[in-house]
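The next block holds one structure in the form of structure tokens; read it before the comments.
Number of protein chains: 2
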Amino acid sequence: MRNGRITMGDVARAAGVSPMTVSNAYRYPERVQDATRRRILEVAADLGYVPNLAAGSLAAGQSRVIGGAIPSMRNSSFYRYILGMQHAVAEAGYKLVLMLAEGIEQERQAVQTLVGLRVEGIVLVGNEHHSDTASLLSKTATPVVESWALEDAMDMCVGYDTAEATRAMVRLHASHGRRRIALIVYEGAVSRRFKMRIPAYEQQMRALGLTPDLVQHVQETDGFGAGPRALDALLQRAPDLDAVICPTDIIAAGAVFECGRRGIDVPGRIAVSGWGDYEIASEMTPGLTTIQPNAWEIGEAAIRMIVQRQRGRPPAEPATDTGFDILRRASA
Amino acid sequence: MRNGRITMGDVARAAGVSPMTVSNAYRYPERVQDATRRRILEVAADLGYVPNLAAGSLAAGQSRVIGGAIPSMRNSSFYRYILGMQHAVAEAGYKLVLMLAEGIEQERQAVQTLVGLRVEGIVLVGNEHHSDTASLLSKTATPVVESWALEDAMDMCVGYDTAEATRAMVRLHASHGRRRIALIVYEGAVSRRFKMRIPAYEQQMRALGLTPDLVQHVQETDGFGAGPRALDALLQRAPDLDAVICPTDIIAAGAVFECGRRGIDVPGRIAVSGWGDYEIASEMTPGLTTIQPNAWEIGEAAIRMIVQRQRGRPPAEPATDTGFDILRRASA
DNA sequence: TTTCCGGGTTCCACGGAAACG
DNA sequence: CCGTTTCCGTGGAACCCGGAA
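So the protein lines, in turn, are chains A and B.
Position 6, counted from 1, in the first sequence is what numbering that gives the first Met the number 0 calls 5; the numbers after and before it change by one each time, with no gaps.
Position 37, counted from 1, in the second sequence is what numbering that gives the first Met the number 0 calls 36; the numbers after and before it change by one each time, with no gaps.
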């Protein structure tokens, strides 16, 4: 008990058993008599003992921990995603530790730490990473799931087809007679995740005989404020604009609020659609028509893929498509 | 290199030095010649080696990791809080790992895991915890900061005076001639954090000669939807309601949207104030008057308190008040 | 129950090179 | 000029806590 830390040996001594019995009491409860086990746990609680996961993982070669590097925790869609992961780890008897990773450099550091912790698997978001990240993960043979993406996976991935979602949204607007349909995308650190929407937009617009000339970029860091700015830019480029496909519900909400200030009727003059089914989408007026991405399922599937891999199951599908829905509300 | 894992010894062999030199190259770069060190790191990168933090923390008795048990990641106020923590850990050369802890039972498990990981400090939210959590932390002598709270701390705490903020908001409404001022509070898992606003409301109302009879409870899990419900309940109780103090901007936004639907003028007939300065507060119309809690500073201070404790500094103040501001916008 | 082992760190001893008398 | 002191980079041994046989 030097340096004040309680060890398994201390617990063993206090409970009058051998250290091995204490270890068994935790890892293989059925190997230890009920009464003995209860006494051990009681003594441990008394002493404030918690098994040292570091020592355990070192000795056993497994940590029962899965790590996630999450780029942003600012919206409710990601929140549902994290809840899905949490559900799946609890079910499998694992623990989930999260690290904040804004941008590929922070992600690289987070992955480095998680690998250092010898987690049994890592969940990333998107498929845009630092080159070191990929090489480190492959060299250490750490199971990785790239979530919210279905292409170019280094290992496994789970998400939905954003190109198809883009096309579906274009078709929805067109089916309501809209012809001057704009697409807003983010630029900056997360650009790649959004850029693939552009060719899908162009292709679908052309297929419908429309001109795909209204692609507008906004900064990802701008939050709500980007909505008004993007709308302003689009209206200057195309006063006859009649539909806007936004990259998130946040942008869409900002755009709708701006329309309110300018006296532009939504959806009368301009239809606005969001993306992500954030909480605000159902609560504001008009309600936002949006893409609903099954965030919870993405999180759950990401964890399950790692757990299955660890259990030696046939690597299953390396890619899981969780699909999406279009939620129709008043804004489009 | 059995079981495919690269160890420090493997790197040492490949670089033609002893394992000790590799260890030094990572932990005390200045002890190793520049050329040697560069060669070692190069070989390590080549092999995909990352020092095993578990082994390191076991041997060194310190992990350079701080853990956070976060109850919710669904709003932008918490997001800024996490960014503040991230900033402070980076500055101090620590790592931050987060675990989701919705409610005191999940928090207990998260704390158990973090203690098992032998993190050097733990950040919690609020001062409402499972009794096991407190006893475990005190018995293991793990530094703890309870953030977003200034009272009843088990160890250290950082936050602002919510009672004073409540009183200030009551005074603001009253100074605009409002007399039928309502207070909405959450009930459920986080209730304690909000309940202390009630006596502050009552006290300030009485001091102003007003009747503090309009306290309304809502479920914390309801998100935006709780706003309309609470407003409805209040209007039934008091048709002459003229001001509402909401527990979050989300509730406030929901209430304002509901007023819009009902044709109630905000702030003409009813003034609405929020709490937390979420992104939506500045972007919606009317903009929300709200309490701005310095979320970033709370996160930063929480980490700094732990780091200072670890560095053996005089325990500084056990409580840090980060203050708050009232942001005046159009809604009140 | 005992013993050994996992991967790394602390502490200290060692040895070569530069600086000094 | 050579022997000695000092400095600094490097390596050896014991040990951290818990798991498996």
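Heads up, the beta-carbon is just placed ideally off N, CA and C, and yes, glycines get one too.
Can you pull the chain B neighbours of A/Q375, defined as C-beta to C-beta under 8 angstroms?
Residue 375 of chain A lies beyond the residue range present for chain A, which begins at 0 and ends at 331; the question has no answer from this structure.
Contact check, B/S146 vs B/V122 under 8 angstroms by CB: the rounded distance?
B/S146 to B/V122, Cβ: 6 angstroms. Contact.
If B/P266 sits next to B/A329, beta carbons under 8 angstroms apart, how far is it from one beta carbon to the other, in whole angstroms?
About 7 angstroms; that satisfies the 8 angstroms criterion.
CB contact check: B/F256 to chain A, cutoff 9 angstroms
yes
Using a Cβ cut-off of 9 angstroms, pull out every chain B residue sitting near A/E278, in sequence order please.
R73, G222, F223, G224 and I249
Which residues does DSSP list as the beta-bridge partners of A/G158?
A/D320
With burial defined as no fewer than 16 other Cβ atoms inside 10 Å of the residue's Cβ, what is the status of B/D276: buried or exposed?
Result: buried.
If we define contact as Cβ-Cβ less than 9 angstroms, is B/S174 a contact residue for chain A?
no
Secondary structure at A/E145, three-state DSSP: helix, strand or coil?
A/E145 falls in the strand class under three-state DSSP.
Output yes or no for whether 9 angstroms exceeds the beta carbon distance between A/T284 and A/S272.
no
Report the option in B/L40, B/G259, B/Y25 and B/R192 whose CA atom is closest to the CA atom of B/Y159.
B/R192
Could you tell me which of A/R327, A/T321, A/L326 and A/P317 sits nearest to A/C156, measuring between CA atoms?
A/P317
Can you tell me whether B/E119 is helix, strand or coil according to DSSP?
coil
Kindly list the residues whose CB is nearer than 8 angstroms to the CB of A/E278, restricted to its own chain and excluding five residues on each side of it in sequence; keep chain order.
S75
Could you check the C-alpha separation between A/N293 and A/L82 for me, to the nearest Å?
Rounded to whole angstroms, A/N293 to A/L82 spans 12 angstroms at the Cα level.
Name the residue from A/S174, A/V124, A/T247 and A/L135 whose alpha carbon lies nearest to the alpha carbon of A/D151.
A/V124
So if DSSP puts A/L99 in a beta bridge, which residue, or which two residues, is it bridged to?
Its beta-bridge partners are A/I69.
One question on the structure: do A/Q215 and A/I263 come within less than 9 angstroms of each other, judged by their Cβ atoms?
no
Can you list, in chain order, the residues of its chain whose CB lies under 6 angstroms from that of B/T66, leaving out five sequence neighbours each side?
Residue 66 of chain B is actually Gly in this sequence, not Thr. Contacts found: V96, L113, V118 and I121.
Range of the contiguous beta strand (DSSP E) that encloses B/Q333:
The structure shown does not extend to residue 333 of chain B, since chain B is modelled only from 0 through 331, so no value can be given for it.
Closer than 9 angstroms to chain A by CB, B/V96:
yes
Anticipated Cβ contact below 8 angstroms, B/M195 with B/A162, distance rounded:
6 angstroms
Member of B/P227, B/E186 and B/D131 whose CA lies at the smallest distance from the CA of B/I250
B/P227
Reference B/P18, options B/H172, B/G8, B/Y27 and B/Y25, closest by Cα:
Of the candidates B/H172, B/G8, B/Y27 and B/Y25, the one whose C-alpha sits nearest the C-alpha of B/P18 is B/G8.
On the DSSP letters alone, give me the boundaries of the alpha helix (DSSP H) that A/S281 sits inside.
E278 to E282
If we ignore side chains and look at the alpha-carbon of each, how far apart do A/R107 and A/S134 end up?
11 angstroms
Using only the alpha-carbon positions, how far apart do B/A58 and B/E201 sit?
56 angstroms
How would you write the range of the beta strand (DSSP E) that A/V184 sits in, first residue to last?
I180 to E186
Just how far apart, CA to CA, sit B/D212 and B/T319?
33 angstroms
Extent of the continuous alpha helix (DSSP H) to which A/I81 belongs
S75 to A91
For B/H216, the residue or residues it bridges with in DSSP:
Bridge partners of B/H216: B/V184.
Among A/R260, A/I244 and A/M304, which one has its Cα closest to the Cα of A/A331?
A/I244
Counting along the chain, where does the alpha helix (DSSP H) carrying A/A225 start and finish?
A225 to R236
Chain B partners of A/M283, CB-CB under 7 angstroms?
F256
Exposed or buried, what is A/V16 when buried is set at 16 or more other beta-carbons lying within 10 Å of its beta-carbon?
With 16 or more neighbouring CB atoms inside 10 Å of its own CB, A/V16 falls in the buried class.
CB contact flag (A/G187, A/Q218, <9 angstroms)
yes
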